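One structure is given here, and the rest of the page talks about it.
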Amino acid sequence: LAYARGQIAIFRQDSSQWLGVGGTVEDIAGAPSVTTAITKLGRYALRRSKVPEREPGIDSINIQPRIFSPTGGAQGYGNRATISFLLKNDDNVTVKIYNAAGRLKRRLRDNAPLLAGFNAIEWDGKDEEGNVCVSGIYIAIIQGQEQAKTKTVVLSNRYE
-8 LAYARGQIAI FRQDSSQWLG VGGTVEDIAG APSVTTAITK LGRYALRRSK VPEREPGIDS
52 INIQPRIFSP TGGAQGYGNR ATISFLLKND DNVTVKIYNA AGRLKRRLRD NAPLLAGFNA
112 IEWDGKDEEG NVCVSGIYIA IIQGQEQAKT KTVVLSNRYE
């Protein structure tokens, strides 16, 4: 997985060239997995290469769905939220979830090395102890080495 983190990424074909999209590399059941946010239709490939370096920073933060219910998947509501963002360069990233009162509820990543390009991280609506969080507005903070950005998401448990 150390090899994968530094040297594989998702690319999109644009005419005759491949453009780096990026991706979050994780170990799932003992095998590397690469996840990214897809913003355009097209042909994609997993390639051995780094995404070209850009100016430092975090951009294009999105959380989908905007309202989700960890307990309401059977009713057709999303039971997890996907936090996607663009890293302009490889960076060590911390992703935290806070409630509206400013209390830390969950640390999704802690100084994790992520590749430049689009990255996607899921939140299952649970706190650090594995308990489902109460309904309310939550703030996701994505922190790189030089910049931090925030985005809100609504968690609703009214669909049980």
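Position one of the sequence shown corresponds to residue -8 (my numbering), numbered consecutively onward. For each residue, glycine too, the CB sits at the ideal point set by N, CA and C. Just so we're clear, the structure is a prediction, and the values are computed from it rather than from any experiment.
Cβ neighbours of alanine 28 within its own chain (closer than 6 Å, five residues either side excluded): Ser75, Phe109, Ala111. Taking serine 126 as the centre and dropping the five residues before and after it, the same chain places the C-beta of Leu146, Ser147, Asn148, Arg149 closer than 7 Å to its C-beta, in chain order. Arginine 97 sits close to isoleucine 88, with the two beta carbons spaced by under 8 Å.
In the DSSP assignment, asparagine 70 forms no beta bridge with any residue. In the structure shown, leucine 105 adopts extended strand secondary structure according to DSSP, grouped into three states. According to the DSSP assignment, glutamine 136 belongs to no beta strand (DSSP E), since it is labelled neither H nor E. DSSP, reduced to helix, strand and coil, places proline 23 within a strand of the structure shown. The residue among Val12, Val123, Gly48 with its C-alpha nearest the C-alpha of leucine 32 is Val12. Taking tryptophan 9 as reference, the option from Leu37, Asn80, Thr30 with the minimal CA-CA separation is Leu37. By the criterion of a C-beta distance shorter than 8 Å, valine 123 is surrounded in its chain by Pro61, Thr62, Gly116, Lys117, Asn148, once the five residues flanking it on both sides are discounted. Beta-bridge partners assigned by DSSP to isoleucine 49: Leu78.
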